[in-house]
Amino acid sequence: MIDLRYWADSTLRGVFILLSQSAPYLSGLRAFSPMGADIALIGLAVMGQNLILNMNDHGFVVCAYNRTVSKVHDFLRNEAKSTKVIGAESLEDMVSKLKSPRRVILLVKAGQAVDDFIDKLVPLLQPGDIIIDGGNSEYRDTTRRCQSLKAKGLLFVGSGVSGGEEGARHGPSLMPGGHKEAWPHIKDIFQSIAAKVGTGESCCDWVGDEGAGHFVKMVHNGIEYGDMHPISLPSLLCDLTQALFPRCSICRLIKEPVFDRWNKTELDSFLIEITANILKYRDTDGTHLLPKIRDSAGQKGTGKWTAISALEYGIPVTLIGEAVFARCLSSLKDERVLASKSLKGPQGAKFTGDKDQFLEDIRKALYASKIISYAQGFMLLRQAAKEFGWSLNYGAIALMWRGGCIIRSVFLGKIKEAFDRDSELQNLLLDGFFTNAVQDCQASWRRVVSTGVELGIPMPSFTTALSFYDGYRHAMLPANLLQAQRDYFGAHTYELLSNPGHFIHTNWTGHGGNVSSTSYNA
Numbered sequence: 000m001i002d003l004r005y006w007a008d009s010t011l012r013g014v015f016i017l018l019s020q021s022a023p024y025l026s027g028l029r030a031f032s033p034m035g036a037d038i039a040l041i042g043l044a045v046m047g048q049n050l051i052l053n054m055n056d057h058g059f060v061v062c063a064y065n066r067t068v069s070k071v072h073d074f075l076r077n078e079a080k081s082t083k084v085i086g087a088e089s090l091e092d093m094v095s096k097l098k099s100p101r102r103v104i105l106l107v108k109a110g111q112a113v114d115d116f117i118d119k120l121v122p123l124l125q126p127g128d129i130i131i132d133g134g135n136s137e138y139r140d141t142t143r144r145c146q147s148l149k150a151k152g153l154l155f156v157g158s159g160v161s162g163g164e165e166g167a168r169h170g171p172s173l174m175p176g177g178h179k180e181a182w183p184h185i186k187d188i189f190q191s192i193a194a195k196v197g198t199g200e201s202c203c204d205w206v207g208d209e210g211a212g213h214f215v216k217m218v219h220n221g222i223e224y225g226d227m228h229p230i231s232l233p234s235l236l237c238d239l240t241q242a243l244f245p246r247c248s249i250c251r252l253i254k255e256p257v258f259d260r261w262n263k264t265e266l267d268s269f270l271i272e273i274t275a276n277i278l279k280y281r282d283t284d285g286t287h288l289l290p291k292i293r294d295s296a297g298q299k300g301t302g303k304w305t306a307i308s309a310l311e312y313g314i315p316v317t318l319i320g321e322a323v324f325a326r327c328l329s330s331l332k333d334e335r336v337l338a339s340k341s342l343k344g345p346q347g348a349k350f351t352g353d354k355d356q357f358l359e360d361i362r363k364a365l366y367a368s369k370i371i372s373y374a375q376g377f378m379l380l381r382q383a384a385k386e387f388g389w390s391l392n393y394g395a396i397a398l399m400w401r402g403g404c405i406i407r408s409v410f411l412g413k414i415k416e417a418f419d420r421d422s423e424l425q426n427l428l429l430d431g432f433f434t435n436a437v438q439d440c441q442a443s444w445r446r447v448v449s450t451g452v453e454l455g456i457p458m459p460s461f462t463t464a465l466s467f468y469d470g471y472r473h474a475m476l477p478a479n480l481l482q483a484q485r486d487y488f489g490a491h492t493y494e495l496l497s498n499p500g501h502f503i504h505t506n507w508t509g510h511g512g513n514v515s516s517t518s519y520n521a
């Protein structure tokens, strides 16, 4: 049994002291204010533990709970030893230890587990209490939970949390959305524990209503896919250097710190930095580890969600979609091994250019493709804002991503500056800085794509990004033929350039009739 005793004197406010002879995990004194804990967190996997320790470092008293209570005991005995973190034996115990309004963070597996915990918490909470979902939930689920809990008088926040284990411990990027009435009650905690950039700006701000926070996190993860796939250049460059320079191999990239150099340019980012480190890393036998890793990439679904949302809202987020499909193709490892024995590529193709210049061309192609990925991501955010009536601050979102998260980079500062110049900017490519940046990279971009095609080297992210750029910059596209075909076989109608907004049908064969179907966008 745990003996709770109350103690006070004339110089100190009352504190509870937990003493236990039979619970060694609570050996020593564990004191907390009789006013209660500032916030509770449910889910003691590594992310949850690290977020708790981060909040503790910033002076907040956190109550930790896990469905498997032994994990609470282990956490208090080990990682949280000598902190102000307190534990709870049950949800009832946890809620009883919280200040009002009670604030509870859920860091559990997205989906049914979140709903299950919410159902258990609702009877224990009072009107105005706050439930925060910090997992990778689908934004529609967050909207549904907001509406359901509002009817019960409770406040709900769906917050994106990015940065992995390291970010959770030392400063993540946080993207909260939901019931705005909750923001004043969690703002201090969230902005204190979030990553800081520049002169101390917090990588956390209120995003918007209902599912806005989780939508922004979803797009962040989609851009992460779009960032990572073009950067998967070690394999690409290995193939290229072997094709272009048979005596070279991936060792060229390791002996010559290409990515270290690139990280001192416009590409300065966390992903470029870790790529440089991965290339150098040696296995226990002294050889480089990367060539031993099976080339089959996994995914947890948020990139796929981004691609699905892009299709749903009619936004051409082509690079992120291609990055998702590239992972799917990589997973067909056994099929690819079999296909490699019978499907041949170009024969006798040779490269006669300068290898150092070509590496610079690849760097510029990577930068241009990165710009396209972000431009497409912000296009999707803008469309979602229209669909749901969200007031998204795109410059603030770029700032949230500048630190703490996986896609953090110096580049994001340029995006914030673009939206500071024009908050109604329709597309990043139309900002002067990015217009000039892509123009500067364009010749190199095209050389890399054409060289890769000639040599049979797959580079889907570069090619799809360039195709989008070329399509976006053309005033006329061959979609007029597509629309004519649709009208021919399905009477779907079309507009004339001279009379936009007015839909007409042509009886193309003379015997198809003049009745048209309802006009719609496909």
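Just so we're aligned: the sequence shown equals residues 0 to 521 in numbering that gives the first Met the number 0. The C-beta atom is built at its ideal place from N, Cα and C for all residues, glycine as well.
Sixteen is the threshold: since fewer than 16 other Cβ atoms of the shown chains lie within 10 Å of the Cβ of A150, the residue is exposed. Using a Cβ distance threshold of 7 Å, A397 and I414 count as a contacting pair. When only Cα atoms are considered, E423 and Q375 end up about 15 Å apart.
Taking the CA atoms as reference points, G297 sits about 14 Å from E223. Boundaries for E209: no alpha helix (DSSP H) harbours it, and the DSSP string shows neither H nor E there. Between the C-alpha atoms of L278 and K363 there is a straight-line separation of about 20 Å. For I188, no beta strand (DSSP E) encloses it; the enclosing alpha helix (DSSP H) starts and ends at 182-192. The beta-bridge partner set that DSSP reports for H287 consists of R281.
Taking S191 as the centre and dropping the five residues before and after it, the same chain places the C-beta of H57 closer than 6 Å to its C-beta, in chain order. Just measuring C-alpha positions, the residue of W261, A309, I131, Q125 sitting nearest F116 is I131.
Excluding the 5 residues flanking it on each side, K332 has same chain C-beta neighbours closer than 6 Å at S295, in chain order. Using a Cβ distance threshold of 7 Å, F467 and S368 do not count as a contacting pair. Here DSSP, grouped into helix, strand and coil, assigns A150 to coil. For E359, the three-state secondary structure derived from DSSP is helix. Setting aside the 5 residues that flank it on each side, S161 is surrounded in the same chain by P171, S172, K216, H219, G403, C404, I405, each with a C-beta closer than 7 Å to its C-beta; the list follows chain order. With the rule of 3 Cβ pairs closer than 8 Å, the region 482-493 does not count as touching the region 345-353. An exposed status is given to M475, since fewer than 16 other beta-carbon atoms sit within 10 Å of its beta-carbon. Here the alpha carbon of V323 sits roughly 19 Å from the alpha carbon of L380.
Shortest Cα-Cα distance from I292 to any of D282, L105, G320, T351 involves D282.
R335 carries a helical assignment under DSSP once its states are collapsed to helix, strand and coil.
CA-to-CA, the gap between A478 and N426 works out to about 21 Å.
Within the same chain, Cβ atoms closer than 8 Å to the Cβ of L120 are found at L90, V94, V103, I130, the five residues on either side in sequence being excluded.
Cβ contact annotation for L43 (same chain, cutoff 7 Å, sequence separation greater than five): A63, N65, K70, V71, F74, in chain order. Non-local beta-carbon contacts of Y373 in its own chain, meaning distances under 7 Å to residues more than five positions away in sequence, involve I222, I414, L427 in chain order. Distances from the CA of L148 to each of G134, P126, N498, E164 were compared; the closest alpha carbon is that of P126. Annotation: C203 is outside any beta strand (DSSP E) and is labelled neither H nor E by DSSP.
Distance from the Cα of A384 is smallest, within the candidate group E453, K354, I314, A338, for I314. Burial of H228 is indicated by the presence of at least 16 other C-beta atoms within 10 angstroms of its C-beta.
In this structure F59 is in contact with I188, their Cβ atoms being roughly 6 Å apart against a cut-off of 8 Å. Here R401 has V196, C202, R407, L411, G412 as same chain residues with Cβ atoms under 7 Å from its own Cβ, once five neighbours each way along the sequence are excluded. Apart from sequence neighbours up to five positions away, the residues of its chain that approach M378 with a beta-carbon distance below 6 Å are I314, ordered along the chain. Distance check between R445 and each of E359, N506, L391, A417 places E359 closest, using alpha-carbon atoms only. For V61, the enclosing beta strand (DSSP E) begins and ends at 61-64. Straight through space, the alpha carbons of H504 and E164 are spaced by roughly 58 Å. Beyond the five residues adjoining it in sequence on each side, N53 comes within less than 6 Å, by CB distance, of R168, I192 in the same chain, given in chain order.
Around the C-beta of G451, 16 or more other C-beta atoms lie within 10 Å, and the residue is accordingly described as buried.
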